[in-house]
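>
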Amino acid sequence: MAKVLVTGSLGMLGRRLVEKFGQHHEVVATARREAPGVSILDITDRSRVLSAVAGIRPDWIVNAAAYTAVDRAESDIGAAFALNAAGPRFLAEAADSVGARLLHISTDFVFSGAQDRPYHEEDATGPVGVYARSKDAGERWVSAVGARACILRVAWLFGRDGKNFVDTMIRLARERPELRVVADQMGTPTFTTDAAALAVSVMEAGLSGIVHGANSGVTNWCEFAREIVRQAGESTPVRAITTTDYPTPASRPRNSALENRVVQTILRHQARPWPEALSAYLRGE
Ligand SMILES: NC(=O)c1ccc[n+]([C@@H]2O[C@H](COP(=O)([O-])OP(=O)(O)OC[C@H]3O[C@@H](n4cnc5c(N)ncnc54)[C@H](OP(=O)(O)O)[C@@H]3O)[C@@H](O)[C@H]2O)c1
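Counting from 2, one number per residue, gives the positions in the sequence shown under the numbering used here.
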């Protein structure tokens, strides 16, 4: 049994990580705000990170804390880099200082999107936008510090306890006569429960380096929305639009689908297809 320090444990993925690691390991859950069963840890505060880790002496640190507001990051550059680049750097330093291993959660958005096939772990990153650049910088700091770190990239997350695309589409399908959703951005929808379970396997197997942890299958937001509406038992039409019809402050990659090459090869892990994961989520799994 390992002692696992989880940061950002009140986030959408953080909560599932606490749950899944807690099934087999001792978890110390931390967050930047007070909540039952959680200690306060702001990962942008280097001295507190170092002293908390020295006091807790975890075997593993799992970082789910992040600045995830992709569009807001465009005008909040300092905060995005403090949380997504400096924070992971401090955690990696702290992990190194006590001989802990670090699992750092990252994103499919580190890729430029110019490639026509799914991205695997050895593909070069090419982040576009502040959020993407800050996450890419975080990966580099974590890799540079050592700490026997593993960077687990996830993508297009949906699950309980967070604002997510699935819940938004179901709500809008019930409120509006028609939905209009972009069809020219490809990716891999991923269930937080599946990503968290894979995170546990990755740590238990002692993997390090970059690991992709998405569900399987590639789709676009419009097809994803159509499947959500269908599985939710609604009949609202979903019309395909283009990215230029729906401008956002931050650019998104045209393709950020992930191939989980490392876990397929080393762990023989086959992620379940995203439509099955979606149906598990809608069943309340
Ligand atoms: N959501 C997606 O679609 C998606 C896709 C790809 C990758 N990812 C990655 O997956 C990871 C988890 O994302 P998520 O969707 O679970 O995000 P989330 O729900 O926004 O959770 C992030 C958590 O970080 C916490 N946090 C913020 N500032 C902090 C600080 N200074 N110190 C400690 N904690 C702090 C937040 O606290 P509060 O609860 O107080 O705000 C929040 O609980 C991130 O690394 C993200 O980049 C997400």
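By construction, the Cβ of each residue, glycine as well, lies at the ideal position given by its N, Cα and C atoms.
If I'm right that I152 touches L14 with Cβ under 8 Å, what's the distance once you round it to whole angstroms?
14 Å between Cβ atoms; not a contact.
> Identify, in the order they occur along the chain, each residue of the same chain with its Cβ nearer than 6 Å to the Cβ of P250, setting aside the five sequence neighbours on each side.
D72 and E75
> If you count every other CB in all the chains shown that lies within 10 Å of the CB of Q271, and 16 or more means buried, which is it?
It is exposed - the Cβ of Q271 has fewer than 16 other Cβ atoms within 10 Å.
> Which residue wins for smallest C-alpha separation from F225, given the options H213, G127, T266 and V182?
V182
> Return the CA-CA distance between R16 and D162, expressed in angstroms with no decimal places.
In a straight line, the C-alpha of R16 is about 8 Å away from that of D162.
> Using a Cβ-Cβ cut-off of 8 Å (strictly less than) and excluding sequence neighbours within five positions of A179, which residues of its own chain qualify?
The sequence shown places Glu at residue 179, not Ala. So the list reads T237, P238, V239 and R240, once near-sequence residues are dropped.
> Closest by CA to V129, which one among E140, A215 and S113?
Nearest in C-alpha terms to V129, of all of E140, A215 and S113, is S113.
> On the DSSP letters alone, give me the boundaries of the beta strand (DSSP E) that A241 sits inside.
V239 to I242
> Please determine, among R172, R102 and T126, the residue with the shortest C-alpha to C-alpha distance to P254.
T126
> So, helix, strand or coil for I267, using DSSP?
I267 falls in the helix class under three-state DSSP.
> Tell me A32's beta-bridge partners as DSSP assigns them.
I41
> Just to check my reading of the structure: L51 and E94 have Cβ atoms closer than 8 Å, yes? What is that Cβ distance to the nearest angstrom?
7 Å
> Got a sec? Which residues, its chain only, sit under 6 Å from V167 by beta carbon, not counting five neighbours each side?
F159 and I229
> Looking at M2 and ligand 1, is the gap between the Cβ and the nearest heavy atom below 8 Å?
no
> Apart from the five residues just before and just after R47, which ones in its own chain have a Cβ nearer than 6 Å to its Cβ?
For R47, where only same-chain residues beyond five positions count, the Cβ hits under 6 Å are F91.
> Candidates T8, M170 and Y120: which alpha carbon is nearest A215's?
Among T8, M170 and Y120, the Cα nearest to that of A215 belongs to Y120.
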